[in-house]
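Residues in the sequence shown are numbered from 287 upward in steps of one, following the working numbering.
Think of the CB as a built atom: it goes at the ideal place given N, C-alpha and C, for glycine as much as any other residue.
Comments concern the structure below.
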Amino acid sequence: MLTKIETVPESIFGVELAGKATKKEFDEINAQLEEFYQKYGEIKFLIRVESFEYENLAAMWADFKSGLNHFRAIEEAAVITDVSWVEEIVKPFDFVTPNLPVKTFKPGKMGKAIVWLQNTGRKKMKKINKHKPKVVVITGASGGVGRATAIEFAKEGAYILLVARGDAGLQGAKRDVEMHGGQAWIYKADVSVEEQVMAAADFAEEKIGDIDVWINNAMVSVFTRVMDMEPGEYKRVTEVTYLGQVYGTQAALKKMKPRDKGSIILIGSALAYRGIPLQSAYCGAKHAIQGFFESLRAELLHDQLNIDLSIIHLPAMNTTQFGWVKSNFSKKPKPMGPIYEPEVAARAILDLAKKPRRQRMVGIPTLKTVWGNKFIPGFLDRYMAKNGFDGQLTHEQVETDRQNNLWKPVEEDRGIHGEFDDAAAELSIYDQVEEHKKSIGAMALGFVGAIAVSYLFRNKK
287 MLTKIETVPE SIFGVELAGK ATKKEFDEIN AQLEEFYQKY GEIKFLIRVE SFEYENLAAM
347 WADFKSGLNH FRAIEEAAVI TDVSWVEEIV KPFDFVTPNL PVKTFKPGKM GKAIVWLQNT
407 GRKKMKKINK HKPKVVVITG ASGGVGRATA IEFAKEGAYI LLVARGDAGL QGAKRDVEMH
467 GGQAWIYKAD VSVEEQVMAA ADFAEEKIGD IDVWINNAMV SVFTRVMDME PGEYKRVTEV
527 TYLGQVYGTQ AALKKMKPRD KGSIILIGSA LAYRGIPLQS AYCGAKHAIQ GFFESLRAEL
587 LHDQLNIDLS IIHLPAMNTT QFGWVKSNFS KKPKPMGPIY EPEVAARAIL DLAKKPRRQR
647 MVGIPTLKTV WGNKFIPGFL DRYMAKNGFD GQLTHEQVET DRQNNLWKPV EEDRGIHGEF
707 DDAAAELSIY DQVEEHKKSI GAMALGFVGA IAVSYLFRNK K
């Protein structure tokens with residue numbers, strides 16, 4: 287019988303074993319295990335495994351405590367409630383004993399495994415949810431979609447490294463994560479600098495654990511006409527919005543490739559398929575991300591790596607960026623088209639991490655943009671010429687002391703939402719269906735089946 291119980295107390299794992307464990311060290315742990323067993327009558331050994339198979343529990347335990355980060359935590363899932371089946375090998379309390387046979391279950395991509403004591407294979411092994419993220423890195427995490435995404439992962443109990451430039455926003459995001467059940471670490475970095483991105487990855491693995499999910503979210507933009515744009519501004523937007531995702535992906539791959547598992551999510555946009563006026567640099571960067579994604583995905587498939595690479599395309603979002611984006615206009619900028627709250631995107635990103643697939647479109651407007659540009663691009667050119675200017679500017683004047691975040695962060699915590707809550711949708715029916723389509727499909731099938739059975743019985747009468 288498998289059930290859920292309280293996690294084994296941390297104190298049981300308080301003895302540091304480096305390489306080889308002495309008999310005294312094993313005896314100390316055994317004594318604590320015996321005390322725990324007497325209290326609960328059951329012991330749980332659920333240990334995250336990479337791709338290693340140990341000849342005995344002593345070797346596994348030594349690795350566990352050697353600081354190699356192969357194992358990060360005891361997971362809450364299945365436990366052993368009946369220890370009688372191991373008595374042929376060892377007494378119930380001698381669980382940590384040299385030369386005790388150990389069997390490992392080797393999972394698929396992004397998997398975690400359970401190490402159980404087993405002699406005959408009579409007990410079935412149960413996988414932990416292989417898509418549940420453990421260690422998550424999010425760039426652009428100080429506000430908007432990045433911060434909302436951090437909260438969604440926090441609800442799953444994830445360990446999250448928040449990466450951004452601004453300290454005020456990062457501190458606020460850290461509080462949000464901890465308030466929602468996650469653990470957060472902060473790393474200040476400019477994603478346009480490759481060395482800083484790699485250093486963030488090193489920090490995550492050294493201080494938190496093996497990176498399971500890396501989300502490339504950081505971006506900047508400039509609202510202006512092409513002829514009014516400075517060359518340096520084009521370069522800056524490209525380096526942050528495009529190259530920042532390239533550097534983040536490279537850093538994640540360097541960590542994930544030796545383990546042959548992990549998930550990398552690129553944040554795209556409807557504007558990766560259809561450019562709009564006044565944001566040429568941002569649109570160009572998002573188009574570049576789409577091309578980079580397609581190229582790298584083919585390489586990963588060629589190399590047969592079990593690393594998931596996904597891209598998620600977002601519609602207009604009510605984020606903090608419109609309050610600090612650089613603009614050359616006297617009127618305040620705004621998102622164009624139907625607007626969604628950042629939480630809609632965040633839930634979709636979490637769903638993509640749990641159920642990896644090639645790409646995800648968020649919201650019907652994104653689908654309309656993609657398909658519209660495929661079939662009627664000329665019409666959209668004219669539509670944007672007519673509506674793309676006023677559609678991105680409000681009637682409010684820009685404050686004279688307005689700051690922008692193009693070159694340096696705006697050092698204040700502005701949270702997640704922008705100024706357009708009244709116009710933004712908190713829910714996308716399309717995305718609700720996308721996230722629960724299996725359940726909906728099963729319900730629909732059951733409904734059709736019920737009608738068919740009812741029809742057959744009626745005909746028999």
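Under DSSP, the beta-bridge partners assigned to N502 are L552. Note: P619 is bridge-paired with L679 in the DSSP secondary-structure output. When rounded, the separation of the alpha-carbon atoms in Q469 and C569 is 34 Å.
Taking 7 Å as the cut-off, the Cβ atoms of Q607 and G430 count as close. Of the candidates S549, E525 and P563, the residue whose Cα lies closest to the Cα of A574 is E525.
Beta-carbon to beta-carbon, D546 and N592 are separated by about 5 Å, close enough to satisfy the 8 Å threshold.
M465 has its alpha-carbon roughly 42 Å from the corresponding atom of N659. A residue is called buried when at least 16 other Cβ atoms come within 10 angstroms of its Cβ; V611 meets this threshold and is buried.
Of all C-beta pairs linking the stretch 508-524 to the stretch 425-445, fewer than three are shorter than 8 Å, placing the two stretches out of contact. Around F675, the same chain offers P563 and L564 as residues with beta carbons nearer than 7 Å, after the five sequence neighbours per side are excluded. Assigned with DSSP and collapsed to three states, I437 falls in helix. Straight across, the Cα-Cα distance linking L595 with R644 is about 7 Å. Using a C-beta cut-off of 8 Å, the stretch 478-495 makes no contact with the stretch 454-463, since fewer than three inter-stretch Cβ pairs fall below that distance. Excluding its 5 nearest sequence neighbours in each direction, I437 has C-beta neighbours in its own chain below 6 Å: D462 and H466, listed in chain order. In the DSSP annotation of this structure, the continuous segment of the alpha helix (DSSP H) that includes I635 starts and ends at P628 to K640. The three-state reading of DSSP puts D546 in coil, since its state is none of H, G, I, E or B. In the DSSP annotation of this structure, M647 is not part of any alpha helix (DSSP H); the continuous beta strand (DSSP E) holding it starts and ends at Q645 to M647. With contacts defined by Cβ atoms closer than 7 Å, V421 and I494 form a contacting pair. Between A602 and the set N614, Y626, F579 and G609, the nearest pair of CA atoms involves Y626. Counting every other CB atom within 10 Å of its CB across the protein chains shown gives M513 a total below 16, marking it as exposed.
Taking a cut-off of 8 Å for Cβ pairs, the stretch 613-630 and the stretch 666-683 touch, as three or more such pairs fall below it. In this structure, P628 lies away from P651, with their beta-carbon atoms at least 7 Å apart.
Under the DSSP definition of a beta bridge, V508 partners with K612.
For W657, the three-state secondary structure derived from DSSP is helix.
Here S566 is not bridged, per DSSP, to any residue. Its chain contains G548 and I593 as the residues whose beta carbon lies nearer than 6 Å to that of M542, once the 5 sequence neighbours on both sides are disregarded; these appear in chain order.
Our two residues, A440 and S714, have alpha carbons roughly 22 Å apart in a direct line.
As a beta-bridge residue in DSSP terms, Q469 pairs with Y445.
Our two residues, E712 and H703, have alpha carbons roughly 11 Å apart in a direct line. Annotation: Q531 to S507 spans about 15 Å, alpha carbon to alpha carbon.
In this structure, T435 lies away from G534, with their beta-carbon atoms at least 7 Å apart. Put simply, of S428, R700, I550 and K641 the residue whose alpha carbon is nearest the alpha carbon of D498 is I550.
It is roughly 34 Å from the alpha-carbon of H599 to the alpha-carbon of T686. In this structure, I597 keeps its C-beta atom at 7 Å or more from the C-beta atom of G561. The continuous beta strand (DSSP E) containing D594 extends over residues I593 to L600.
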